[in-house]
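Residue numbers (the numbering used here): 9 to 84. Virtual Cβ for every residue (Gly too), placed ideally from N, Cα, C.
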Amino acid sequence: METADATSWETAVLTGGLADGVEMKVAGRPWVIQVTQPCAPDGVPDGVRVEAVYVYRRDVRVKSQPLRYGFDAASP
């Protein structure tokens, strides 16, 4: 059973992918962290943004801080 609640902050670290080694604080032990990186598109309408999306999934085997989130290359 998860022991963290949505109001308690815990340290987490991302492994693999674009954000490898990034540490942060998370609340409520989210299952997924999404990291985005801006892209430089050509010829798009005003106000349109293009971003690359990287998905990190929590390693449920890790029960203490820092929580670990691994890059999920298969996620869209």
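What does a CB cutoff of less than 6 angstroms around residue i pick up in its chain, not counting 5 residues either side in sequence?
i, result
"residue 64", "22, 41, 77, 79"
"residue 73", "18, 19"
"residue 9", "Caution applies to residue 9, whose pLDDT of 45 falls short of 50 and renders its modelled position unreliable; the model cannot decide the point."
How would you write the range of the beta strand (DSSP E) that residue i sits in, first residue to last?
i, result
"residue 35", "31-35"
"residue 42", "40-46"
"residue 15", "First-last for residue 15: undefined, no H or E at that position."
"residue 60", "59-66"
"residue 76", "75-79"
In its own chain, which residues sit with a C-beta less than 7 angstroms from the C-beta of residue i, not counting the 5 before and 5 after it?
i, result
"residue 83", "63"
Nearest by alpha-carbon distance to residue i: which of the options is it?
i, options, result
"residue 66", "55, 39, 18", "39"
"residue 68", "15, 33, 20", "20"
**Study point:** Cβ pair count under 8 angstroms reaching 3, the stretch 17-34 against the stretch 75-82
**Key:** yes
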